[in-house]
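Visitor: My structure is below; once you've seen it, I'll send some questions.
There are 2 protein chains.
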Amino acid sequence: MITSARGPRPADFTDVRVTNLSVVLRFVREHAPCSRADIAAMTGLNKATVSSLVADLMDRGMLREIGLTENRVGRPATMIVLDGAPFSAVGIEINVDYLTAVVIDLAGERLLSWRRFFPGTDAVADEAVSEVAGLARRVVNRMSREGRQVLGLAVAVPGLVDMRGAVRLAPNLGWTDVDLYGDLRRALREPEFPVEVENDANFAAMAEQRFGAFNGAQNLVYLTGEIGVGAGVVLDGRLRRGGRGYGGELGHVQIDPEGHSCRCGRVGCLEAVAGIGAVLDRAVASPTEIEPEIAQIVRLAHAGDRATLARLHRVARDLGRGVAILSNLLNPEVVILGGYYVPLAPFMLATVEEEVRLRTIAPDTGGLRIAASTLGHDAAALGAAGRVLDGVDSGRLPPSRVVPEPLPERA
Amino acid sequence: MITSARGPRPADFTDVRVTNLSVVLRFVREHAPCSRADIAAMTGLNKATVSSLVADLMDRGMLREIGLTENRVGRPATMIVLDGAPFSAVGIEINVDYLTAVVIDLAGERLLSWRRFFPGTDAVADEAVSEVAGLARRVVNRMSREGRQVLGLAVAVPGLVDMRGAVRLAPNLGWTDVDLYGDLRRALREPEFPVEVENDANFAAMAEQRFGAFNGAQNLVYLTGEIGVGAGVVLDGRLRRGGRGYGGELGHVQIDPEGHSCRCGRVGCLEAVAGIGAVLDRAVASPTEIEPEIAQIVRLAHAGDRATLARLHRVARDLGRGVAILSNLLNPEVVILGGYYVPLAPFMLATVEEEVRLRTIAPDTGGLRIAASTLGHDAAALGAAGRVLDGVDSGRLPPSRVVPEPLPERA
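From first to last, the protein sequence lines stand for chains B and X. The first sequence begins at 1 in UniProt numbering and counts up by one. The second sequence begins at 1 in UniProt numbering and counts up by one.
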């Protein structure tokens, strides 16, 4: 009987074979091309074990040999690399007015990027879920036609997602208690591959950690700069969601008790004083208006328009107050500003940095860097797809490849 | 060559034997008494490996056999338990006016609790470090005389501690850039056992997680209620310190832009509006005055004194604003109020809870519970000692048993 731990547990008591398979897979992901002897030397696994693990991963089609080394001391060794192409990881992002799908292979190479119109708030949740399932089905079928095994599907949602993948609250979609995980699995007829649902800021943070300019950063926070502002918090290399998965709601921390009302019903929330609504200086009714308006603000700021620059300065100061909370409480290495903060960053970043520097008690602002995202608006979908690879790397391996029965030859 | 990971790594590429030794040690810690077959069945290690690992841990004096089982199906098996007594883990807490030492054995049983006068702010850092080293030496010698191997020493400091154990800033001690780790190791003549230095709130959080009323909670924040207010943040079962170890500074997040000045030079910090200075409604010059004054406030509150209750209500409301930041951003299962918040909790907790409930966007306040600590004022020292056990459980095993020569004490 496993009871609750009395203290931290650095490793779970999981099946050692699966752990070792994932150790080898991750090692090859990071160090390929490499030999079986390299793997044994660096992981501490013995050579016979490594050979058996490599054979298993080759059977599954995840690794392949690429011939002998040259240029090294000792006997030539057969080099091994990741075999990315036979596999696909699917990420879908739900936004208020569009759906994004991003598919990558096992090696993280992008296979597909689609954007589709989405009724968002105009649809009831059931119809919206059907739209998402329809897109997922089209993507999965495409992968099947290309002969790629689907490793998993992950869906990013702008809202509070619980541990079972239900969306408890997504104000911008008008959703309350939508069992997106269950509905999607049913709509996809209980697929073989795993399905995961997660908050969009969380997936975007994971995208930055894997693919972004600060990839590999172990302590990183991503702030979505959309109509809402959410935080994806990565600490010690992993996303931290809190007890029920509702962490990251920096957007609803009060920044200014005298500030604007927030759509959540509270006053002076970060989202209300430093979100896109504050940049536009008005309530945002329909998200489709935003893109040209932000472009106009960027033009005005470039032209030195005083009112525009003053407004951006005010918003940046309040954003800096929010980032200073992250800085004092979490001491991240980097805070990445996403969404519409990206085009606005040239006019806001210096003020944000100054505010954070003044408000952080740690010497040298704890080493914090603040930067605009380089991943664009599909960061969350890309992070969702990356999350599927994380699952595989953590030991959620696909079953051995089903080789189709040969067709009966004609007599 | 190990380069930085491109993605999260669920397990490090550490030596598998050490990992497996620590898996067995932790299993026995949680499930003793248990048999070798139990260990094999639950960990996935094979029986021969388990026998070898158990023999190794018995050689080191960490496990012992306690005879055969009865009352179970099948052949009787030799049962194994942790052999706590031959080992000691030493925790020391530095406070402004006293030092606390707590020693526990490998099984977590308390062996010793000492409190000593400490000059605190009146001493220069060199003298203060000598005092700490002197106390450590006396504790270590006591353990040697008792025939116990010292597994490690961990020291809790009220300040910003970097990753190498240097205290960068401890305002209440008047310390800036004190290499406490290095100074202590030198003063202890480079001991065999590991030495660790950490922020006091961090160690107190670890004490709660291991020994407190919410032990085993995977997402827990501890707030020190001393002159300063610091947070120890445990997420997914582990302390999260941030990139340079400066996380947890909720005490210097601005709660009220119109609030009191803080000793850090900023305005309206949580520490200034909801720390013990705010409870006493004045600047605190010497910490020795606090204890009787808090007792007096508790008496007045019990007697229904209106001014006292109003002041505690005001402080509780501001404390609630701070806890709501934790709640929205981190979604912890429990926030534990320590230090002087403990005797004040009966008059503050309801207001704190109400404020947090109103300010948290997650349904049902994300499941958060807020509670007063049950561990008393030596939580940080106890957590420091527990941290030494964590190190052992994570694979930092002591060498085969050697009882050290006593260290020379000052003449």
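Backbone N, C-alpha and C define an ideal beta-carbon position, used for all residues, glycine too. Only a predicted model underlies this, so the values are computations on that prediction, with no experimental measurement involved.
1. Looking only at C-alpha atoms, which of B/194, B/335, B/248 and B/176 sits nearest to residue 88 of chain B?
2. Counting only the same chain and skipping the five closest in sequence on each side, list residues whose C-beta sits under 6 Å from that of residue 187 of chain B.
3. Under 7 Å, CB to CB, which of the residues in the stretch 160 to 181 of chain B have a partner in chain X?
4. Could you check whether the Cβ of residue 360 of chain B sits closer than 9 Å to any Cβ belonging to chain X?
5. Taking the alpha-carbon of residue 230 of chain X as reference, which of X/253, X/213 and X/216 has the nearest alpha-carbon?
6. Taking beta-carbon pairs under 9 Å, can you tell me which members of the stretch 311 to 344 of chain X lie near chain B?
7. Please list, in chain order, the chain B residues whose beta carbon lies closer than 7 Å to that of residue 421 of chain X.
8. Kindly say whether residue 246 of chain B, judged by its beta-carbon, lies nearer than 9 Å to any beta-carbon of chain X.
9. Name the chain X residues that come within less than 7 Å of residue 16 of chain B, Cβ to Cβ?
10. Any idea what DSSP makes of residue 100 of chain X, helix, strand or coil?
11. Ignoring anything shorter than 3 residues or poking outside the stretch 142 to 205 of chain X, list the beta strand (DSSP E) runs there in chain order.
12. Check residue 67 of chain B in the structure and name its three-state DSSP category.
13. If you compare alpha carbons, which of X/15, X/172 and X/22 is closest to residue 227 of chain X?
14. Which two residues bound the contiguous beta strand (DSSP E) that contains residue 340 of chain B?
15. May I ask you to report which of helix, strand or coil DSSP gives residue 93 of chain B?
16. Can you pull out the residues from the UniProt domain "HTH marR-type" (24 to 64) of chain X whose beta carbon lies closer than 8 Å to at least one beta carbon of chain B?
17. What does a CB cutoff of less than 8 Å around residue 290 of chain X pick up in its chain, not counting 5 residues either side in sequence?
18. Please decide whether residue 249 of chain X counts as near chain C, where near means a Cβ-Cβ distance under 9 Å.
19. Work out the CA separation of residue 84 of chain X and residue 117 of chain X for me, nearest whole Å.
20. Considering only the alpha carbon of each residue, which of X/15, X/61, X/29 and X/30 lies closest to residue 45 of chain B?
21. Please report how far the alpha carbon of residue 164 of chain X lies from the alpha carbon of residue 299 of chain B, in whole angstroms.
22. For a cutoff of 9 Å on Cβ pairs, would you count residue 202 of chain X as touching chain B?
23. So what does DSSP say about residue 25 of chain X, is it helix, strand or coil?
24. Examine chain B for any beta-carbon lying closer than 9 Å to the beta-carbon of residue 252 of chain X, and answer yes or no.
25. Please name the residue, chosen from B/225, B/242, B/249 and B/237, that lies closest to residue 233 of chain X on a Cα-to-Cα basis.
26. Beta carbons nearer than 9 Å to chain X: which residues of the stretch 263 to 285 of chain B have them?
27. Inspect the CB distances between the stretch 361 to 371 of chain B and the stretch 126 to 142 of chain B and report whether three or more fall short of 8 Å.
28. Looking at residue 373 of chain X: is its Cβ nearer than 9 Å to the Cβ of residue 216 of chain X?
29. With C-beta atoms as the reference, is residue 198 of chain B less than 9 Å away from residue 155 of chain B?
30. Check the Cβ of residue 231 of chain B against every Cβ in chain X and list those closer than 9 Å, keeping chain order.
31. Just the Cα atoms here: how many angstroms apart are residue 92 of chain X and residue 377 of chain X?
32. Is it right to say residue 354 of chain X is buried, meaning 16 or more other beta carbons lie within 10 angstroms of its own, or is it exposed?
33. Under the criterion of a Cβ to heavy atom distance below 8 Å, does residue 174 of chain X qualify as lining the ligand MG?
34. Find the residues of chain X that neighbour residue 236 of chain B, judging by a C-beta separation of less than 8 Å, and give them in chain order.
35. If I follow the unbroken beta strand (DSSP E) through residue 298 of chain X, where does it start and stop?
Guide: Short version:
1. As a first step, residue 88 of chain B must be located in the first sequence, where it is residue number 88. Considering only alpha carbons, the answer is B/194.
2. For the purposes of this step, residue 187 of chain B is identified with residue 187 of the first sequence, where counting begins at 1. These residues qualify, in order along the chain: 133.
3. 160, 168 and 169
4. Counting from one through the first sequence, the residue named residue 360 of chain B turns up at place 360. Cβ-Cβ to chain X under 9 Å: yes for residue 360 of chain B.
5. Taking the first residue of the second sequence as 1, we reach residue 230 of chain X at position 230. The shortest C-alpha separation from residue 230 of chain X is found at X/253.
6. 321, 324, 325, 326, 327, 328, 329, 330, 331, 332, 333 and 334
7. Lying outside 1 to 411, the shown extent of chain X, residue 421 of chain X is not represented and no answer is given.
8. In the first sequence, the residue the question calls residue 246 of chain B occupies position 246. Yes, residue 246 of chain B lies at the interface with chain X (some Cβ there is under 9 Å from its Cβ).
9. Along the first sequence, one-based indexing puts residue 16 of chain B at 16. Near residue 16 of chain B (Cβ distances below 7 Å), the residues of chain X are 44 and 45.
10. Numbered from its first residue, the second sequence carries residue 100 of chain X at position 100. Reduced to three states, the DSSP call for residue 100 of chain X is strand.
11. 149 to 157, 167 to 170, 175 to 178 and 195 to 199
12. Here residue 67 of chain B refers to the residue found at position 67 when the first sequence is read from its first residue. Residue 67 of chain B: strand per DSSP, three-state reduction.
13. Stepping through the second sequence from its first residue, residue 227 of chain X is reached at position 227. Comparing Cα positions, the closest option is X/172.
14. Here the question's residue 340 of chain B lines up with position 340 in the first sequence. First-last for residue 340 of chain B: undefined, no H or E at that position.
15. In the first sequence, counting from the first residue as 1, residue 93 of chain B sits at position 93. Residue state, collapsed to three classes: strand.
16. 26, 27, 29, 30, 31, 42, 43, 44 and 45
17. For this step, residue 290 of chain X is matched to residue 290 along the second sequence. These residues qualify, in order along the chain: 227, 276, 280, 284 and 340.
18. Reference to chain C is not applicable here, since the protein chains of this structure are B and X.
19. Along the second sequence, read from residue 1 onward, the residue named residue 117 of chain X stands at position 117. Along the second sequence, read from residue 1 onward, the residue named residue 84 of chain X stands at position 84. Spanning the two alpha carbons is a distance of roughly 30 Å.
20. Sequence index remark: in the first sequence, residue 45 of chain B carries index 45 (1-based). When only C-alpha atoms are compared, the closest one is X/15.
21. Taking the first residue of the second sequence as 1, we reach residue 164 of chain X at position 164. Taking the first residue of the first sequence as 1, we reach residue 299 of chain B at position 299. Between residue 164 of chain X and residue 299 of chain B, the C-alpha separation is close to 48 Å.
22. Working through the second sequence from its first residue, we reach residue 202 of chain X at position 202. No, residue 202 of chain X does not count as interfacial toward chain B.
23. For the purposes of this step, residue 25 of chain X is taken as the residue at position 25 of the second sequence. Residue state, collapsed to three classes: helix.
24. For the purposes of this step, residue 252 of chain X is identified with residue 252 of the second sequence, where counting begins at 1. With 9 Å as the cut-off, residue 252 of chain X counts as an interface residue toward chain B.
25. As a position in the second sequence, residue 233 of chain X is number 233, starting the count at 1. Considering only alpha carbons, the answer is B/242.
26. 264, 266 and 269
27. no
28. Here the question's residue 373 of chain X lines up with position 373 in the second sequence. Here the question's residue 216 of chain X lines up with position 216 in the second sequence. The answer is no: Cβ separation not under 9 Å.
29. Numbered from 1 along the first sequence, position 198 holds the residue referred to as residue 198 of chain B. Numbered from 1 along the first sequence, position 155 holds the residue referred to as residue 155 of chain B. Going by C-beta atoms, residue 198 of chain B is nearer than 9 Å to residue 155 of chain B.
30. Your numbering for residue 231 of chain B matches position 231 in the first sequence. Those are 329, listed as they occur along chain X.
31. Walking along the second sequence from the start, residue 92 of chain X turns up at place 92. Walking along the second sequence from the start, residue 377 of chain X turns up at place 377. For residue 92 of chain X and residue 377 of chain X, the distance between alpha carbons rounds to 12 Å.
32. Residue mapping note: residue 354 of chain X aligns to position 354 of the second sequence, counting from 1. Flag for residue 354 of chain X reads exposed.
33. The ligand MG is not part of this structure, which contains no ligands at all.
34. On the first sequence, position 236 is the one that residue 236 of chain B refers to. Within chain X, the residues near residue 236 of chain B are 238 and 240.
35. To locate residue 298 of chain X, count along the second sequence from 1; it is residue 298. Counting along the chain, residue 298 of chain X falls outside any beta strand (DSSP E), though it belongs to the alpha helix (DSSP H) covering 290 to 302.
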